[in-house]
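Asker: Order-wise, the sequence lines are chains U, A, G and F.
Under the working numbering, the residues of the first sequence are numbered 51 to 454, in order.
Under the working numbering, the residues of the second sequence are numbered 51 to 454, in order.
Under the working numbering, the residues of the third sequence are numbered 51 to 454, in order.
Under the working numbering, the residues of the fourth sequence are numbered 51 to 454, in order.
The C-beta atom is built at its ideal place from N, Cα and C for all residues, glycine as well.
Just so it is clear, the structure is predicted and the values come from calculations on it, not from any experiment.
Protein chains: 4
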Amino acid sequence: MNRSDHRLAGDRTGVWLVGARGNVATMSIVGARAIAAGKTDTTGMVTKREPVSSLDLPPIEGLVFGGHDIDPESLVTQAELQCDRNDVPDETTLAAVRDDLAAIDDRIEVGTAVNCGAAVTEESERIDDSLAIRDVIEQIRDDYETFRNHHGIDRLVVVNVASTEPEPTEPERYDDRDGLERAIDENDRELPASVLYAYAAIDSGHPFVNFTPSTANAVGGIRDLAATESVPHMGRDAKTGETLVKSALAPMFAGRNLQVLSWEGHNILGNKDGLVLEDDANAAGKLASKGDVLDSILPEIGHNRVRIDYTPSLADWKTAWDYIHFEGFLETEMTMQFTWEGSDSALAAPLVLDLVRLIAHADRYGDGGLQPQLASFFKAPIGVDDHDFSRQLDLLYDYARQDR
Amino acid sequence: MNRSDHRLAGDRTGVWLVGARGNVATMSIVGARAIAAGKTDTTGMVTKREPVSSLDLPPIEGLVFGGHDIDPESLVTQAELQCDRNDVPDETTLAAVRDDLAAIDDRIEVGTAVNCGAAVTEESERIDDSLAIRDVIEQIRDDYETFRNHHGIDRLVVVNVASTEPEPTEPERYDDRDGLERAIDENDRELPASVLYAYAAIDSGHPFVNFTPSTANAVGGIRDLAATESVPHMGRDAKTGETLVKSALAPMFAGRNLQVLSWEGHNILGNKDGLVLEDDANAAGKLASKGDVLDSILPEIGHNRVRIDYTPSLADWKTAWDYIHFEGFLETEMTMQFTWEGSDSALAAPLVLDLVRLIAHADRYGDGGLQPQLASFFKAPIGVDDHDFSRQLDLLYDYARQDR
Amino acid sequence: MNRSDHRLAGDRTGVWLVGARGNVATMSIVGARAIAAGKTDTTGMVTKREPVSSLDLPPIEGLVFGGHDIDPESLVTQAELQCDRNDVPDETTLAAVRDDLAAIDDRIEVGTAVNCGAAVTEESERIDDSLAIRDVIEQIRDDYETFRNHHGIDRLVVVNVASTEPEPTEPERYDDRDGLERAIDENDRELPASVLYAYAAIDSGHPFVNFTPSTANAVGGIRDLAATESVPHMGRDAKTGETLVKSALAPMFAGRNLQVLSWEGHNILGNKDGLVLEDDANAAGKLASKGDVLDSILPEIGHNRVRIDYTPSLADWKTAWDYIHFEGFLETEMTMQFTWEGSDSALAAPLVLDLVRLIAHADRYGDGGLQPQLASFFKAPIGVDDHDFSRQLDLLYDYARQDR
Amino acid sequence: MNRSDHRLAGDRTGVWLVGARGNVATMSIVGARAIAAGKTDTTGMVTKREPVSSLDLPPIEGLVFGGHDIDPESLVTQAELQCDRNDVPDETTLAAVRDDLAAIDDRIEVGTAVNCGAAVTEESERIDDSLAIRDVIEQIRDDYETFRNHHGIDRLVVVNVASTEPEPTEPERYDDRDGLERAIDENDRELPASVLYAYAAIDSGHPFVNFTPSTANAVGGIRDLAATESVPHMGRDAKTGETLVKSALAPMFAGRNLQVLSWEGHNILGNKDGLVLEDDANAAGKLASKGDVLDSILPEIGHNRVRIDYTPSLADWKTAWDYIHFEGFLETEMTMQFTWEGSDSALAAPLVLDLVRLIAHADRYGDGGLQPQLASFFKAPIGVDDHDFSRQLDLLYDYARQDR
Ligand SMILES: NC(=O)c1ccc[n+]([C@@H]2O[C@H](COP(=O)([O-])OP(=O)(O)OC[C@H]3O[C@@H](n4cnc5c(N)ncnc54)[C@H](O)[C@@H]3O)[C@@H](O)[C@H]2O)c1
Ligand SMILES: NC(=O)c1ccc[n+]([C@@H]2O[C@H](COP(=O)([O-])OP(=O)(O)OC[C@H]3O[C@@H](n4cnc5c(N)ncnc54)[C@H](O)[C@@H]3O)[C@@H](O)[C@H]2O)c1
Ligand SMILES: NC(=O)c1ccc[n+]([C@@H]2O[C@H](COP(=O)([O-])OP(=O)(O)OC[C@H]3O[C@@H](n4cnc5c(N)ncnc54)[C@H](O)[C@@H]3O)[C@@H](O)[C@H]2O)c1
Ligand SMILES: NC(=O)c1ccc[n+]([C@@H]2O[C@H](COP(=O)([O-])OP(=O)(O)OC[C@H]3O[C@@H](n4cnc5c(N)ncnc54)[C@H](O)[C@@H]3O)[C@@H](O)[C@H]2O)c1
Ligand code: NA
Ligand code: NA
């Protein structure tokens, strides 16, 4: 079957989640199945609101889930934990989808964990580390294909929702397709897992979304490949909480020519993502993409700091306190502060479903390479410089209106 | 001199402030003169930032101030009070402009106070209440013309920065030019002062800005007149604090399809504006324009309340606490809250100068009637339905880019 | 049976809740039964912590519940509503006590609703309004005795947790026992329900707690009666949220000789209590007892305002925002603000159980009249002037240490 | 002159400030002289409020200031900087005391900087580092005596308000007087400056206050010396902002048996103290004394973190955001958060004057050794375990009432 074929038509869209037993993945699956069962509505989904809802997108009911993980604990257990600790999902919803979760858990394969830093623990399972990188990629690719064949899937979308990795040192060597493929062939032991998952997906023609701050499709080598092969992809680091607010609020200060002297952002959260980010190496990418938003919108900002701290009792709730010290007319110093209290995965999950639907749509219509209309979903939208949330949304709305 | 003449060229722009001894007026004058003297910069001015700064606008140094008020206390005293209570302006700046203030104070005439409610006190001076409405208008018009002639002014802009009036009952009778002029001729004793100031300005061909929530140019009769006579005007109720934040933040909830269950806004402020707004009649218009912003951006909002309370110790500082209770995916309830602490007049003053410059520009290029490109400056932009701050700014930027 | 008899010994303590189907009552009953069933712990109960826990208090397992209400909706339904809207109690806990609730609901009698203002709705049931006041009291007294006899209760404590009533006009006429009893005999139609419940309890020798801001035992006539008859009683208006914080925080400003210029308190809540308090008459008492705390601790406070607003989506959650503007050394103005987000009834319920246990203890040891050692539980502790929470707690701790 | 002599009577109290050109010192001197000049009042001073004000304390007008510093920039310049950056003091007050500041600056001697870590910069002056420790102490002692003699001072109080030092390693060796004096004699190069200042003061019979988290009088050796020689002393780390609030608020959670799951404290400040605390070594002591308060009041706290970050634009303003996640009845999770915004030095300065007056009083009445009645002033009151602010104040009030 050649590439263009599987871009035509088809209602069964496969969703391959890398990190399929994590919070975001679990909540996405629970939500999709609860919607399919008529147990919840689609609040929080951008694709269910005008003008985007006018696009002819794959139905939520038709999404078929599978994925990789390194954590052996089952999806059912993960969902129960979340219900217990966060009340999201609630007990009724969980009961309605429990059987679906059990079935989907059977389709989760063991992934690779090379260079994943603090995410890997004693309990982790993983593809044998002694395998050559090329062979690891082949195994991943096999997992994708087996899933596609077994489930009669017309189009497969791969989404990275695995734990944040440390950033690779000297990523320049992967800056074009040749460099990247040479590294693979030479069995470069510093390639991080996310790049392997992305390579396997795009080289097989599967649309790819990087929901995390990990490297994955951000290196030039993958971008080259996707452009040449015309496979749609986008990332990175979904914008769900404090950074979303920043991207809506900072343009106000800019627009009114108010001088931001300091913007302090302090995030506390208690889930596994928070625990992994306690590790400085794993946190580096996240802090960078969070900080860049302000630097870009407010180039003359005086001071810009983001902290992420792990506070176990908060479980999946992420609380951010931001303090903005700014100067206006006649050197008057003023302040604004906000506190954001959100359920991290409940904010992320509908966006996973949105992104799957939108990138499948792009694929169906033959739009390969980066997908700038998806910029509003990301803290660090690859290839898009504008961080103003309103303007990013306009990119999506224009796409929706033209495409109809 | 006919109308078109005084639209051509000229550098001396007159600024006639109705409410010329109030906080906003005082701070605008102090700021303009301090800029002229090189004692402060233009932070907070929208017209001093790209792309708007590329327009060929009248220079701040050339603005000539005059106005009406009903409070006999001099501009110098007002500025001293502000310096003392708020540290804005600071002592150095005040010293640098004190002589200018004294000179400008000599150009402030006694205004009319018909139907101004709680704004009128025992100390107030006012145009004789027994005069016929038509004669009051003539006196106002005379004041405008005398000022223009004495100071060699090429173009005169009238800005209403007087205290908020109660809303008129049955404003429908002023809904077209005929109705309005009939009311004037029949000496309708319920016409509020702001309408008289607006009528006198526009009927004389002077561009008019309504910075307040008062009626003024919002009635159909004035809008008709301005359209027919091709005089630019805009309003109402400048957007400086909590509502500004709302207009930047609410689109984020809409854009992400999050359901706002309740949005509580609680404002406390200690200046004279706050005191006048303690009176329910005077507050009505303000509360309406503040509330409408959310209703428009979030049509499905569950609960939307705005409170304004008078807290004397805060002086000119306005503190707003907003609490937003919203629902996301999987019926998850979340919250955001913010506190905004701003010097009310320091936020307002640069916008007065911006609006003067931009409406003078429109007048110079013959753009009469409502000026939708100025929507971003107002809580209730007359004739513009979109309350999204980003989109409103785009109207201004498009104007600036085309006009150049 | 004479009065002293039922003060001796006995493990079965009856708890008669006036307003037995309200939020506070429901949560108290759910909590007590869940503790008895080993399904929850006693976090939040003052009597379960040293030094108070050393007193020989009636066991929670032995509390027998009954009460009056005017709302026909059953206790089970009320608890289900709370579970559904607030997740407190959670589903597991509710399931464990559902049968107990059904049994207790059978012991709830129809109460009187005279002068209860906005609390009375179309659905309300009530003791026939045409009965003479004296007869209403007799009926209430009968309900108490029947309950006591049917359930083999050794000591009965009556707790008022009914909706807040409007304050009576001219309460002076009830200022001593004679005046109060004359009013009853002369069928004074302005006596509010709470006074009738309190009179019936104390005249029958039952200890009485007023958890609400309603009049009840605050009038001199009831206090006389309780003193003469040596029946312990205390009130009023339990201190659970914002006011609790104030009583802990305001002494800090006093102790450091910092001058509070303004203290703004803004409460939003969404339960039935909030709805009733939307009515100005019903709210008056609440606002008074909330405001008095600061006036007493900070006699030189410049400005002190409390607002309570009804925000339906919050259900039983009460959010308070307090803003404190204060002056320190060298006339430096500073600010503190806090946001309190609590489940109103979950904060109140353990205190109901504490108060029952402590007032039963006082009764058992023959301590009649007001019980100042309970001051820390109340916003307006009858007969106690000190509002400093720490000092109030010391009264309780001293009592506990001596009494042992 | 023997020790007991200079304890008798006398009105001229000398105040020797170690760190005399720092923010706290400057503000203390400005405040005392402004009070003496009748230019400001005593708001913020605990000794000016009942019951403490009834003690016969040395008058503020009679305080004579001198001190050590390592920063050559004059006191006048420091005060001007503070006025400019923070508006505290304001220009009028500064003008009134400028001559006093210049005169006092002449009495500031160069101090020692051994082991002061990040506080020492290229601009610093310092007592020759190659001197033996014993000789450094002699020089300090000489400075104290010269000052006393030149200014006819009856009693000299030494107050450490110098930058926070790193904590010494192995402080056990200084745990008794012998060990400490042996270290001095053996020229131990790890003794920090604060211990030298404290030793010189107490060995000369001068009461000593440690306003900072530095070691100074906290080691056993100094405590022994002060006890044996009967010299009053107290410390450490003045409680002025976030920690003050914690010590008032945490007892409320304890008193109501509410379980604090997490208490996050995030401080941002922009003065030199903040800059020095950027250095981890210098911050260690501060973080410890801040953290201990909660651990002591809430022994079962789940999670307790304090962060201090440097945010230059805030200048002397310290903003703290605290987030408290707690559990109540029926496992209900609730939250409280507060933001404190204070001028750090304006909060500290009145306490310096209070402490000087109170420790001089103790000295006058022959009370040597630790002064527990001063516990309420400190984050880590030496020798006092109770961190409840109310109870600490009671120690002071009891002292004031007895002593009268
Ligand atoms: N609001 C949000 O939750 C949000 C927003 C933006 C980005 N993200 C990012 O999404 C990612 C997932 O977040 P989460 O809260 O679900 O975290 P999580 O820790 O709950 O889940 C991550 C999952 O990835 C698995 N995993 C780790 N390394 C893997 C590997 N090499 N291969 C396969 N599986 C692997 C883990 O075992 C775990 O099950 C994180 O990178 C996070 O930063 C989340
Ligand atoms: N950030 C802001 O300050 C802001 C923002 C939006 C709108 N506004 C509006 O701007 C207006 C002015 O605000 P302010 O803070 O300067 O108030 P202010 O009370 O300080 O000044 C109002 C001035 O108007 C004068 N006045 C009242 N009635 C008059 C009349 N009939 N004719 C002439 N003068 C009259 C008063 O004497 C006073 O000097 C208010 O309507 C306010 O609602 C202010
Ligand atoms: N944190 C708290 O919840 C808190 C704190 C302090 C005081 N209170 C007070 O406790 C009381 C109860 O609060 P709630 O939240 O449970 O309110 P609620 O409205 O849920 O319950 C009140 C109950 O009283 C019943 N009632 C009304 N009038 C009655 C009458 N005359 N006789 C018998 N029953 C009557 C109502 O039908 C209702 O069932 C209120 O007065 C409230 O102000 C509550
Ligand atoms: N609210 C408060 O301001 C507050 C509260 C509690 C404790 N403190 C403590 O008080 C101290 C002073 O705070 P600040 O804000 O004035 O700091 P600062 O940095 O403004 O002043 C410290 C001064 O000490 C001087 N110094 C440093 N090392 C010295 C040495 N070895 N000998 C003599 N002088 C020396 C510095 O040159 C500087 O002038 C700090 O330790 C701080 O932690 C301050
Ligand atoms: Na919350
Ligand atoms: Na502030």
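Using only the alpha-carbon positions, how far apart do Tyr194(G) and Arg62(G) sit?
Answerer: 15 Å
Asker: Which residues mark the beginning and the end of the beta strand (DSSP E) in which Leu501(U) is found?
Answerer: Only positions 51 to 454 of chain U appear in the structure, and residue 501(U) is not among them; the question remains open.
Asker: At a cut-off of 7 Å, is Ile120(U) close to ligand 1 when judged by its beta-carbon and the heavy atoms of the ligand?
Answerer: yes
Asker: Do you know whose CA, among Ile351(U), Glu236(U), Asp179(U), lies nearest Glu377(U)'s CA?
Answerer: Ile351(U)
Asker: Starting from the Cα of Arg179(A), find the closest Cα among Ala268(A), Asp228(A), Gly161(A) and give me that residue.
Answerer: Note that residue 179(A) is Asp in the sequence shown, not Arg. If we check each option's Cα against that of Asp179(A), Gly161(A) comes out closest.
Asker: For Ser312(U) versus His375(U), is the C-beta spacing smaller than 8 Å?
Answerer: yes
Asker: According to DSSP, is Gly392(A) helix, strand or coil?
Answerer: strand
Asker: Identify the residues that DSSP records as bridge partners of Thr369(F): which are they?
Answerer: Ile318(F), Glu391(F)
Asker: Would you say Ser124(U) and Cys166(U) are within 8 Å of each other, going by their C-beta atoms?
Answerer: No, they are not a contact pair.
Asker: Could you tell me which of Gly94(A), Arg407(A), Ile79(A), Ser103(A) sits nearest to Pro282(A), measuring between CA atoms?
Answerer: The shortest CA-to-CA distance from Pro282(A) to any of Gly94(A), Arg407(A), Ile79(A), Ser103(A) is the one to Arg407(A).
Asker: Give me, in chain order, the residues of the same chain whose beta-carbon lies closer than 7 Å to that of Gln128(A); leave out the 5 immediate sequence neighbours on both sides.
Answerer: Arg71, Thr76
Asker: Quick check on DSSP: helix, strand or coil for Ala59(G)?
Answerer: Confidence at Ala59(G) is low in this model, with a pLDDT of 40, below 50, so its placement is unreliable and the value that follows should be read with caution. Coil at Ala59(G), not helix or strand.
Asker: Regarding Arg71(U) and ligand 1, is the C-beta to nearest heavy atom distance less than 7 Å?
Answerer: yes
Asker: Going along chain A, which residues have a C-beta under 8 Å from Met284(U)?
Answerer: Within chain A, no residue comes near Met284(U); the closest Cβ sits about 17 Å away, beyond 8 Å.
Asker: Does the beta carbon of Tyr319(G) come closer than 8 Å to any beta carbon on chain A?
Answerer: First, the residue type needs correcting, since residue 319(G) is Leu and not Tyr in the sequence shown. So, not an interface residue.
Asker: Could you check the C-alpha separation between Asp413(A) and Ala276(A) for me, to the nearest Å?
Answerer: 12 Å
Asker: Going by DSSP, what residues sit across from Asn267(G) in a beta bridge?
Answerer: Bridge partners of Asn267(G): none, in fact.
Asker: Contact check, Pro122(A) vs Val80(A) under 8 Å by CB: the rounded distance?
Answerer: Contact doesn't hold; Cβ gap of about 19 Å is too wide.
Asker: Can you list, in chain order, the residues of its chain whose CB lies under 6 Å from that of His316(F), leaving out five sequence neighbours each side?
Answerer: Apart from sequence neighbours up to five positions away, the residues of its chain that approach His316(F) with a beta-carbon distance below 6 Å are Arg357, Trp371, ordered along the chain.
Asker: Is there a Cβ from chain U that is less than 8 Å from the Cβ of Asp330(G)?
Answerer: Not one chain U Cβ lies under 8 Å of Asp330(G).
Asker: State the start and end residues of the unbroken beta strand (DSSP E) segment that holds Met284(A).
Answerer: Run containing Met284(A): 282 to 285, per the beta strand (DSSP E) assignment.
Asker: Cβ of Glu130(A) less than 8 Å from any chain F Cβ?
Answerer: no
Asker: Is it right to say Asp119(A) is buried, meaning 16 or more other beta carbons lie within 10 angstroms of its own, or is it exposed?
Answerer: buried
Asker: May I ask you to check if the CB of Ala277(A) is nearer than 7 Å to at least one heavy atom of ligand 1?
Answerer: no
Asker: To the nearest whole angstrom, what separates the beta carbons of Ile190(G) and Met284(G), a pair I think is in contact under 8 Å?
Answerer: At roughly 20 Å, the Cβ-Cβ gap does not stay under 8 Å, so Ile190(G) and Met284(G) are not in contact.
Asker: Looking at chain U, is there any beta carbon in it that lies within less than 8 Å of the beta carbon of Leu445(A)?
Answerer: no
Asker: Helix or strand or just coil, what does DSSP make of Ile177(G)?
Answerer: coil
Asker: Could you check whether the Cβ of Phe261(U) sits closer than 7 Å to any heavy atom belonging to ligand 1?
Answerer: Yes, Cβ of Phe261(U) sits closer than 7 Å to a heavy atom of ligand 1.
Asker: Regarding Val68(F) and ligand 4, is the C-beta to nearest heavy atom distance less than 7 Å?
Answerer: yes
Asker: Are the Cβ atoms of Ser280(U) and Ala266(U) separated by less than 8 Å?
Answerer: no
Asker: Give a yes or no on whether the C-beta atoms belonging to Val68(G) and Ala399(G) are separated by under 8 Å.
Answerer: For Val68(G) and Ala399(G), no; Cβs fall outside 8 Å.
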